[in-house]
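Numbering (the working numbering), first residue to last: 1337 to 1471. Think of the CB as a built atom: it goes at the ideal place given N, C-alpha and C, for glycine as much as any other residue.
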């Protein structure tokens, strides 16, 4: 929780993490829409044995969550809500080894992203939020 005792540097560092995570989530969701396309993303999810509708839910979570993080809206809850999405991504890459540069991508990046979201949930929104009422 942000208190009057929190230093401005800490508040700005917290906001930098939040904004970075927001950009990453938004970019990841929009990549699925504009580069891989909706049908391509659905096909990929189905090739993994997942229901196609999960692709739409994932895109909605990434785009909506990314926007919410960018604006500082319910940062703690949004960060925690994105954790299962990232754990799902990590599970897809578990068999490919640790390094994300491995063929098929490894699990290092989604696990680090998951940890960063948990840290963000603990820190809150920091500075530069749209409204303290919804932070």
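No Cβ-Cβ contact shorter than 9 Å links residue 1359 with residue 1397. In the three-state scheme derived from DSSP, where H, G and I count as helix and E and B as strand, residue 1387 is classed as coil.
Taking the Cα of residue 1365 as reference, the smallest distance to any Cα among 1350, 1400 and 1436 is reached at 1400.
When the five nearest sequence neighbours on each side are left out, the beta carbons in the same chain lying within less than 8 Å of the beta carbon of residue 1438 are those of 1432, in order along the chain. Judged by their CB atoms, residue 1415 and residue 1457 are nearer to each other than the 9 Å cut-off.
Here residue 1454 has 1415, 1416 and 1419 as same chain residues with Cβ atoms under 8 Å from its own Cβ, once five neighbours each way along the sequence are excluded.
Counting of Cβ neighbours within 10 angstroms places residue 1442 among the buried residues, the total reaching 16 or more. Around the C-beta of residue 1377, 16 or more other C-beta atoms lie within 10 Å, and the residue is accordingly described as buried.
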